[in-house]
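Participant: Protein chains in written order, with this note's numbering: chain U, 603 to 717; chain A, -10 to 126; chain G, 9 to 507; chain E, 2 to 764.
Ideal Cβ placement from N, Cα and C applies to all residues, glycine included.
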Amino acid sequence: MEAVLAMVIGTLYGGGLYLMMRRNLVQLIIGLGLLSHGANLLIFTAGGLRRGGAPILAEGETHFAAAPSDPLPQALILTAIVISFAVTAFALALFLRTYQTTGTDDVNALKETDP
Amino acid sequence: MTSIILRTATRYMFPPLLVFSVYVLMRGHNYPGGGFVGGLFAGSAFVLHALAYDVASARRLLRLDPRDIATGGLAIALLSGLPGLLDGGAFMHGIWWDLHLPGFELHLGTPMIFDIGVYFAVFGVLLALVFALGEEG
Amino acid sequence: MTLLPALPILLPLAGAIACMLLRRHGALQRGLNILFSVLILGAAVALLAAARDGSILVLQAGGWPAPFGISLVVDLLSAIMLVLGGLMAVAVSVYAWFDMDEGRMRFGFAPLFLIMLMGVNGAFVAGDLFNLYVWFEVLLTASFILLALGGERPQLEGSIKYVALNLLSSAMFLAGVGILYGMAGTLNMAQLAVAIGQGGQGGLVTMVAVMFMMGFGIKAGMFPLFFWLPASYPTPPAAVSAIFSGLLTKVGVYALIRVFTLVFCGDTAFTHLLILAGAGLTMLSGVLGAASQHEIRRILSFHIVSQIGYMVMGLGLFTALALAGTVFYLIHHIVVKTNLFLVAGAIHRLKGSYDLDELGGLYRERPYLSILFMVPAMSLAGVPPLSGFFAKLVLILAGLRAGAWVVVSVALVVSLLTLYSMTKIWANAFWAPAPEPAASDRSGMDRATWRRFLLPMAALAALTVCFGLFAGPVFGLAQDAAAQLMDPAGYIRAVLGGQ
Amino acid sequence: MLVLLTICFAAALLAPLVHRAFPRRAGTLLAAAPLAVFAWLGAALPEVMHGHPRVEAAPWVEGLGLEAAFRLDGLSMLFALLISGIGALVLLYTQGYFKNHPQQGRFLMVITAFMASMLGVVLADHLLLLFIFWELTSFTSYLLIGFNHERAEARQAALQSLLVTVLGGLFLLAGLILLAQVAGTWRLSGILGQGDALREHALYLPILALVCIGAFTKSAQFPFHFWLPNAMQAPTPASAYLHSSTMVKAGVYLLARLHPALGGTEAWSTLLTAVGATTFLAGALLALGQHVLKRLLAYTTVSALGAMVMLLGIGTTDTLKAMAGFILAHAFYKAALFLVAGGITHETGGETSVDQLGGLRRAMPFTFACALLAGLSMGGFPPFFGFVAKENWLHAIGRHPGLVAATMAGGAAYVLVGLSVGLKPFIGRRPEHLHAHEIPWSMRAGPLVLGLGSLALAFACGPAGHALIGPAASAVAGETLPVHLHLWAGFNPCLAISLATLVLGIGCYAARPLFGRAAGRLAPLVRLGPDAAYRGLLATTLRFAGWQTRMLQTGILRDYIRITVLTAVALVGAAFLHAGGIRGEARLSPLSLRIGLVSVLMVLATFTTILAKSRLRSIMSLGVVGYSMALLFTFHGAPDLAMTQLVIETLTVILMALAFHHLPVFKHGSPARMRAIDAAIAIGVGAAVTVLVLAALHVQTPTEVSDYYLDHSQALAHGRNVVNVIIVDFRGLDTLGEITVMAIAAIGAYALLKLRPGKGDTP
């Protein structure tokens, strides 16, 4: 199964980057979104897919009867999801503001600051 | 048309969403849930309101500036790390109290207070973002 | 030790919270900004004092033993970086007191500044790879906003490039973290060092190492990954450029040093050679970029790139002397570069321009400002006996001892070109007569205020001179830090406790 | 000696303050510092001349083995006396020369700092210390040459001299480091004793070459000589000091210093003799055609420096003595002539050309006297010290016909220049427009002392040889050399050659206009000279710099992303090849239908996103990717993740819709070729990532850490939801950072949308 997911991850990374190399600001940010999905899935997969239940103890128990899925990658991904949400939201505001200021959403037109 | 449906839905959804968000927050330590999701639900209630009516009305409903709420959440989270120091532990060392209230027992710890901080931070942030973007145009 | 190593993170957060709550009070925030910068510096100095004898301070957050909780680790390198960060924070916050406009102040300059410091400091003390990622995100997000705050067109354009490329770098870093976790089942750097040191994964480690090299290389501004830097650094207000130039890329360098001395040191013939080659190209490409520019902050920005090459060169050579050179270079560079950007800001304040064609006559009009430019500029170019000379000398010495002729030759040529660009600024902005004699002073400050305004620059310039004249103790510190880096066992023992 | 240098540097730092407090006496007051040095040196002279050098050392940077180590032997003594003595005179002279000049304080500061640095060069006993002072002289001379900074020529000349000397300095640094490495010590006194071992070492030739390049650039040897005449943009006191008597001799000093260690080989003598002789003749030849006072002097300085290197290169005991004598003679007459030239220009209101000068003897009798003394010494007329030195030189080179002929030719040029500066401006008819006064008192000490000195030394040549020249030559040779100088050595072939040279020189002087015209005709050739090469090289470098920067820093974000991504793919690929593929057993779980279906859905949604032509469609398909992620999380026992992902995805779609509502449809397409290239890059990335993940799956993940969480979550952290416990407790610090990121992102987005340049500021 992991091999399939590995290819999905590859697709997400490749697709994200392809979009980032387009000329529209919207595509840039959507590309970033794909990229962060790819990174999250990568952590999830590389951390090892254990086909167990949720890492939540039932009430009254003190030990997991069967090994549940690995909780640590889940915690990391949770953090990563929220961070990328915040950053995406900021980027949205930035791009919106840029569009309002420069009047273009063409990335190629934004080259004044370079020599 | 859609707006009427949405408004009606919002009217019914709004209070349960808020209550549900607190519920998700409080049980997060033992069941799926927690401050993140709780905060997101609470924020969603107001987002829904903003979409159904407008941002200004949602702001009025909230009264507080969402950035202050986020800051407050951050402050709660930061402060929750300090009691552990008094106990001689490291920063963010968990301290737990058993509160015997009439009727039921509450098992309360600094990590849960931390989670409450997360709840408010996420709640405030979400609204600040949505309001700011919603007020454009 | 239950709190001290966390203070560099918590103090700025507390300050930021206070500033956010007081966001309507610009003046109060200016004061709080300075106050908390001083406090951070104090905490950093205390940490350096504690780590000076070679002991490594470890705080296990939440009291969870490593590798299960998050370890905050302060070794000598971390402590040095923290102190430098604190110094720059104080200098720049004082500068911002005078220079930052009210609008930016009310829309969060102070909290963002402090949060950025929080991220920077967090990166310096993180003993856990994912935690390092989080601190990187903290400092990056804060820097995104600081860069764009104010919303002038060049700022926005620069920000887009900065944001896009740095998020790309974060994605690579995060992917590396994920794979590393998959291999070693831990995120604690000390335990990762143990796990990878035990071997068995061979080539995969090298591949992951390259991922980290890319991720940190982008943040450090190495060739050919530095595009975002010259595109964005010259755009925000002077105080922002200054703190960026002093600290941000250096966090990338710090992270490179940390992981490539602690975790990835099994295949140095490949990884460190790659780093060395990157260092040489970075130096050269950056300095050529600088030579082609005609605007002070652009010149300085390209020079950051070039100087990063020197710092990374020490890591690539990977000897104790070379690493000591890198540490010394970091110390030197952070002080000097921040200072140069501040001086550039003062020039802009005075003349309303950064463009060399529009500047002139400053040597005649402003002798003190001239000295304040000359000292860091010549230090950057490596004129003895300023700090930059010793920094370069150590690296060249280390390079010659290691027989790395090519990179040493590049380093020597680059230092000549650095001198060239510094004299270009000097000759055009200071020596040459002003193109139009009328415009003399736009600063809007009286003499006394102007003097106070120059105070942070004077302090940093004095520091540069001291680092040169008293290079002995400073270099001794760098050597001790390098010795710790060359002996990861001490770090591992301190974190994991005798395992 | 450290104390002396500290005094001098302190004097430099105080100079502007002294000047502000005593505007008319600043030079005199500051001259106290070099005079103190001079007196101290004088006191040490008896000891040193008998072969007992003074040594002192203090630690500086212990980690580098850098010490503040000084050593005063015969060679250092000769140079130090000249530096401090002439330094004091120049400071006095400056006071008059820059009377009422607003920047006199700065000039005094820099020239005093230069003096201190130069003293450091000749006193240092540690290679690095020597280098530090060496660079400081380059740097201070940059400031001095560019002193008239509002003139573009001055700035260019300053830059040129800086770049050339610092370039040489870098070679020198490499050479010195290698030298120390081979010798095993930084201390000069230690290195000089190891000559034999050094000369046989494999690195001997590289060291020699590197050190020589450093010395040649500093001492303006061919083909690096061009910066020195251009450096005449400096104010005259600086020229007199730096470009005749001190700084340019640093290279000669260094070579002489290292002679016991590096000298005496075939390579040494060939290189030094050839370069020195070329410089000697070229300088003399170029001097013939000049008419500007200072340039006449500058070219003969180049020539004289060449002569010193040549004599050093020949390297017999006699030539070493001759060299030491010539250094002394040259310092006296050349500094005096520069000061005279400065006086003339100063008092005639800026006249610099010999051709425009004449008949000043009445107006400036004092200057005339000094000028004549120095000029005759330069020409080698008896009874001046220049004559003694010349005799000694001729004696040393013996009968070698080539050298004798060269000496005669060069000597003739010196006669011409000596007379042109020392005689020509004062005799003949005064041009009508020329008005002049005598130089003021404060400017008289220098020319007088140095001019008279040229005469007095000749009569005291015996003691001078014994006390100064002998010890200096001994230090260069590495053995004790007695020196006996005589003003009158009797009739011998040397005298005949000397006299013949004088006659030839006077003839040349008479034919001076001829040379001027010839030089005018040959002027186009200068375009092929090293000066042009310097400019060409600089321009080429800058063009290349501009080109590479335009190529790299295009300003287009997509290019940046492309290059970054390509680099990543290339490096990961290289690492993959280096590692030789993946080894080990993959740990794969069995295929599952529902996961397979979700995977297919995700891939399809990704492609829809990529190919979408409208904003809404791309946002929606991105949402589908997110919801599929949530499904995957559900299938793998991650309810917290699934829930969060679900809400976040919804909110993201809402936010994007809110924001993109304002943006136009996608209208900027790329050409097909570009799209293909990008697709290729993207596929490369996808493949690289896939391989990485697969490779990671070949390693069994240890579960120690997650087992700890699972086992202790309930007992130690009082929570049954392990993921939540990790987030708020085990790894709570991450979460603290994370909500900080969120908070500032919100503040940032808010500020970005609300704060506009030029608009009001209501938070």
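Would you tell me roughly how many angstroms separate the C-alpha atoms of Pro675 (chain U) and Leu734 (chain E), rounded to the nearest one?
Facilitator: Cα to Cα, Pro675 (chain U) sits roughly 16 Å from Leu734 (chain E).
Participant: Give the residues of chain U in contact with Phe667 (chain E), contact being defined as C-beta atoms less than 9 Å apart.
Facilitator: In chain order: Arg624, Arg625, Asn626, Val628, Gln629 and Asp707.
Participant: Return the Cβ separation of Leu36 (chain E) and Leu469 (chain E) in integer angstroms, given the expectation that the two are a contact with Cβ distance under 8 Å.
Facilitator: No, Leu36 (chain E) and Leu469 (chain E) are not in contact; Cβ-Cβ is about 18 Å, not under 8 Å.
Participant: Return the chain-ordered ranges of every alpha helix (DSSP H) run that is complete within the segment 349 to 430 of chain E and spans a minimum of 4 residues.
Facilitator: Listed in chain order, the complete alpha helix (DSSP H) runs (minimum 4 residues) inside the segment 349 to 430 of chain E are 366 to 380, 386 to 398 and 402 to 423.
Participant: Measuring alpha carbon to alpha carbon, tell me which of E:Arg721, E:Tyr710, E:Gly687 and E:Val742 ends up nearest Leu644 (chain U).
Facilitator: That would be E:Gly687, whose Cα lies nearest to the Cα of Leu644 (chain U).
Participant: Is any beta-carbon of chain A found at less than 8 Å from that of Ile153 (chain G)?
Facilitator: Closer than 8 Å: no.
Participant: In terms of residues, what are the limits of the alpha helix (DSSP H) holding Pro60 (chain E)?
Facilitator: First-last for Pro60 (chain E): Arg55 to Val62, but that is the beta strand (DSSP E), not the alpha helix (DSSP H).
Participant: Quick one, which of G:Tyr241, G:Phe76, G:Asn129 and G:Ser300 has its alpha-carbon nearest Asp712 (chain E)'s?
Facilitator: Asp712 (chain E) has its Cα closest to that of G:Phe76, out of G:Tyr241, G:Phe76, G:Asn129 and G:Ser300.
Participant: Beta strand (DSSP E) containing Phe71 (chain E): first to last residue?
Facilitator: It spans Leu67 to Leu73 - the beta strand (DSSP E) in which Phe71 (chain E) sits, taken as one unbroken run.
Participant: Please list, in chain order, the chain U residues whose beta carbon lies closer than 8 Å to that of Arg60 (chain G).
Facilitator: Result: empty, since nearest Cβ-Cβ is about 35 Å, beyond 8 Å.
Participant: Mind reading off the beta-carbon distance from Thr349 (chain E) to Ala437 (chain E)? Whole number of angstroms is fine, and I expect it under 8 Å.
Facilitator: Their Cβ separation, rounded to whole angstroms, is 5 Å, which keeps Thr349 (chain E) and Ala437 (chain E) in contact under 8 Å.
Participant: Residues of chain G with a CB under 8 Å from the CB of Glu714 (chain U): which are they?
Facilitator: Near Glu714 (chain U) (Cβ distances below 8 Å), the residues of chain G are Arg161, Pro162 and Glu165.
Participant: By the DSSP assignment, the alpha helix (DSSP H) with Asp87 (chain A) in it spans what residues?
Facilitator: Taken as a continuous stretch (DSSP letters only), Asp87 (chain A) belongs to no alpha helix (DSSP H), being part of the beta strand (DSSP E) at Trp85 to His89.
Participant: Can you find at least 3 beta carbon pairs, one from the segment 154 to 161 of chain E and one from the segment 195 to 213 of chain E, that sit closer than 8 Å?
Facilitator: Judged by Cβ distances under 8 Å, the segment 154 to 161 of chain E makes no contact with the segment 195 to 213 of chain E, as fewer than three pairs qualify.
Participant: Please tell me whether Val606 (chain U) has its Cβ less than 8 Å away from any Cβ of chain G.
Facilitator: Chain G contact via Cβ: absent.
Participant: For Ala669 (chain U), go through chain G and note every residue whose CB falls closer than 9 Å to its CB, in chain order.
Facilitator: Result: empty, since nearest Cβ-Cβ is about 14 Å, beyond 9 Å.
Participant: Show which residues of chain G have a CB atom less than 7 Å away from the CB atom of Arg52 (chain A).
Facilitator: Near Arg52 (chain A) there are no residues of chain G at all, since even the closest Cβ is about 16 Å away, more than 7 Å.
Participant: Span of the beta strand (DSSP E) holding Val82 (chain G)?
Facilitator: Segment Ser79 to Val82, the beta strand (DSSP E) holding Val82 (chain G).
Participant: Mind checking whether Leu358 (chain E) and Lys425 (chain E) have CB atoms under 8 Å apart?
Facilitator: It is a contact, given that the beta carbons lie within the stated cut-off.
Participant: For the segment 165 to 179 of chain E and the segment 403 to 412 of chain G, state whether three or more C-beta atom pairs, one from each stretch, are separated by less than 8 Å.
Facilitator: Counting Cβ pairs under 8 Å, three or more are found: they touch.
Participant: Give me the residue from A:Ala110, A:Leu40 and A:Arg0 with the minimum Cα distance to Asp54 (chain A).
Facilitator: Asp54 (chain A) has its Cα closest to that of A:Ala110, out of A:Ala110, A:Leu40 and A:Arg0.
Participant: Enumerate in chain order the residues of its own chain whose CB-to-CB distance from Ile728 (chain E) is below 7 Å, with the five nearest sequence positions on each side excluded.
Facilitator: Excluding sequence neighbours, Ile728 (chain E) sits near Thr736.
Participant: Is the Cβ-Cβ distance between Ala97 (chain G) and Ile25 (chain G) less than 8 Å?
Facilitator: Result no, Cβ atoms of Ala97 (chain G) and Ile25 (chain G) do not sit closer than 8 Å.
Participant: How many Å lie between Arg305 (chain G) and Leu425 (chain G) at the Cα?
Facilitator: Arg305 (chain G) and Leu425 (chain G): Cα-Cα distance of roughly 17 Å.
Participant: Under 7 Å Cβ-Cβ, which residues of chain U neighbour Val694 (chain E)?
Facilitator: Correct list: Ala608, Ile611, Leu644, Thr647 and Ala648.
Participant: Can you name, in chain order, every residue of its own chain whose Cβ lies under 7 Å from the Cβ of Lys614 (chain E), other than the five neighbours on each side?
Facilitator: Excluding sequence neighbours, Lys614 (chain E) sits near Phe667.
Participant: Between the C-alpha atoms of Asp762 (chain E) and Gly23 (chain A), what's the straight-line distance to the nearest angstrom?
Facilitator: Since pLDDT at Asp762 (chain E) reaches only 45, below the 50 mark, its modelled position is unreliable, and no value is offered.
Participant: Run through DSSP, which three-state label would Gln182 (chain E) get?
Facilitator: Note: Gln182 (chain E) maps to helix in three-state DSSP.
Participant: In the DSSP assignment, the alpha helix (DSSP H) including Gln68 (chain G) goes from what residue to what residue?
Facilitator: No alpha helix (DSSP H) holds Gln68 (chain G); the beta strand (DSSP E) holding it covers Leu65 to Gln68.
Participant: Label Phe227 (chain E) either buried or exposed according to how many other C-beta atoms from any shown protein chain fall within 10 Å of its C-beta, with 16 as the threshold for buried.
Facilitator: Burial call: buried.
Participant: When you compare each of E:Leu168, E:Arg563 and E:Glu48 to Val418 (chain G) by their alpha carbons, which one comes out closest?
Facilitator: The residue with the shortest Cα to Cα distance from Val418 (chain G) is E:Leu168.
Participant: For a contact defined as C-beta to C-beta under 9 Å, what are the partners of Ile339 (chain G) on chain A?
Facilitator: Going along chain A, no residue has its Cβ under 9 Å from Ile339 (chain G), so there is no contact; the nearest lies around 28 Å.
Participant: Let's test the definition: count the other Cβ atoms within 10 Å of the Cβ of Gln206 (chain G) and tell me whether it reaches 16, buried, or not, exposed.
Facilitator: Exposed, since its Cβ has fewer than 16 Cβ neighbours within 10 Å.
Participant: Return the CA-CA distance between Ala247 (chain G) and Gly158 (chain G), expressed in angstroms with no decimal places.
Facilitator: Cα to Cα, the separation comes out at about 13 Å.
Participant: Could you compute how far the alpha carbon of Val610 (chain U) sits from the alpha carbon of Val91 (chain G)?
Facilitator: Answer to the nearest angstrom: the Cα atoms are 45 Å apart.
Participant: Starting from the N-terminal side, write out each stretch of the alpha helix (DSSP H) that is 4 residues or longer and does not extend beyond the segment 7 to 64 of chain A.
Facilitator: Within the segment 7 to 64 of chain A, the complete alpha helix (DSSP H) runs of at least 4 residues are 24 to 41 and 44 to 51.
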